[in-house]
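Everything on this sheet refers to the single structure shown next.
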Amino acid sequence: MAKFVVTLHLPVVFSEDFIALIPRHRAFINQLMEDNVVETYAISADRTQGWVTMSGQNEAVIRDAVQKFPLYPFFTKVEIHELFLFDSAHARFPRISLN
1091 MAKFVVTLHL
1101 PVVFSEDFIA
1111 LIPRHRAFIN
1121 QLMEDNVVET
1131 YAISADRTQG
1141 WVTMSGQNEA
1151 VIRDAVQKFP
1161 LYPFFTKVEI
1171 HELFLFDSAH
1181 ARFPRISLN
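Numbering (the numbering used here), first residue to last: 1091 to 1189.
Below, the structure written as structure tokens:
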């Protein structure tokens, strides 16, 4: 299974329609996390961009999943890049405690 990073470009101003969809969007992302499709999800402090690390067979599968995001119609741009290497502290074995 390949890993991809998806960059989401968000609108400058969030409309009421956008804000109303946030709970549904978060529930969808949480389900994708449970299904091991989404590994990480982050939004910039200025709320103009987001980054999602996803697992899938190929870019078309990832694009299809992103297009199902409830907030997808509001994204101004979506970039998908396949990763050669992905490492994180959470993917490692837990630290051993001698207590």
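Just so it is clear, CB atoms sit at the ideal spot from N, CA and C, and this is done for glycine as well. All values derive from a computational prediction rather than experimental measurement.
For residue i, which three-state DSSP category applies?
| i | result |
| --- | --- |
| Phe1104 | coil |
| Ile1186 | coil |
| Leu1098 | strand |
| Met1091 | coil |
| Ala1132 | strand |
| Gln1192 | Lying outside 1091 to 1189, the shown extent of the chain, residue 1192 is not represented and no answer is given. |
For the ligand ZN, is there a heavy atom less than 7 Å away from the beta-carbon of residue i?
| i | result |
| --- | --- |
| Pro1160 | Looking for the ligand ZN in the displayed structure turns up nothing, as the structure carries no ligands at all. |
Less than 8 Å separating the beta-carbons of residue i and residue j?
| i | j | result |
| --- | --- | --- |
| Ala1092 | Val1127 | no |
| Phe1094 | Gly1140 | no |
| Ile1170 | Ile1152 | yes |
| Thr1143 | Phe1118 | no |
| Glu1129 | Glu1149 | no |
Taking its Cβ as the centre, do 16 or more other Cβ atoms sit within 10 Å of residue i, making it buried, or is it exposed?
| i | result |
| --- | --- |
| Leu1111 | buried |
| Leu1122 | buried |
| Phe1174 | exposed |
How long is the line joining the alpha carbons of residue i and residue j, rounded to whole angstroms?
| i | j | result |
| --- | --- | --- |
| Asn1120 | Thr1097 | 18 Å |
| Glu1184 | Ser1134 | The residue asked about is misnamed: residue 1184 is Pro in this sequence, not Glu. Cα-Cα distance, rounded: 28 Å. |
| Arg1114 | Val1103 | 19 Å |
- request: Answer yes if the stretch 1164-1182 comes into contact with the stretch 1100-1117, meaning at least three C-beta pairs across the two stretches below 8 Å, and no otherwise.
  value: With a cut-off of 8 Å on Cβ pairs, the stretch 1100-1117 is in contact with the stretch 1164-1182, counting three or more such pairs.
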